[in-house]
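Asks: In the numbering used here, the protein residues as written are -13 to 80.
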Amino acid sequence: MATITYMAQMLDAAAGPDATYEFEADDTLFDRPRMELIARFMDHVDHVELPKEDVGYEIYSAFKNRDLKVVTAMGALRLAHGDIPFMVMISPKK
């Protein structure tokens, strides 16, 4: 399986506006259920961006726009010091 780079733009209540992340994943991931793409991004957050935290998350809503190739999700990061509301948009890097 080939991998490609995905981009995630995240807004959270703690860090504020616009954090951009890049991560590698299977090139067919966008065509699978949206929760698989979100889970892959959250795995990246847990192991690469916040490796000293035990990152959990809850998704309240998630939408996939196939025409624009973007998944949008809203939820909460579950960290040891409390929950942080967030919104993230994930798409293949152009």
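Ideal Cβ positions, reconstructed from N, Cα and C, are used throughout, including at glycine. This structure is a prediction, so every number in the text was calculated from the model and none was measured.
1) Report yes if the C-beta distance between Tyr7 and His33 is below 8 Å; otherwise report no.
2) Considering only residues of the same chain and omitting the five flanking positions on each side of Val74, which have a CB-CB separation below 6 Å?
3) Looking at C-alpha atoms only, which residue of Phe72, Met(-13) and Ala(-1) is the closest neighbour of Glu10?
4) What span of residues does the beta strand (DSSP E) with Asp4 cover, start to end?
5) When you compare only the Cα positions, how much space is there between Thr(-9) and Glu39?
Replies: Taking the structure as given:
1) no
2) Ala(-6), Met(-4) and Ala59
3) Met(-13)
4) Gly2 to Asp12
5) 24 Å
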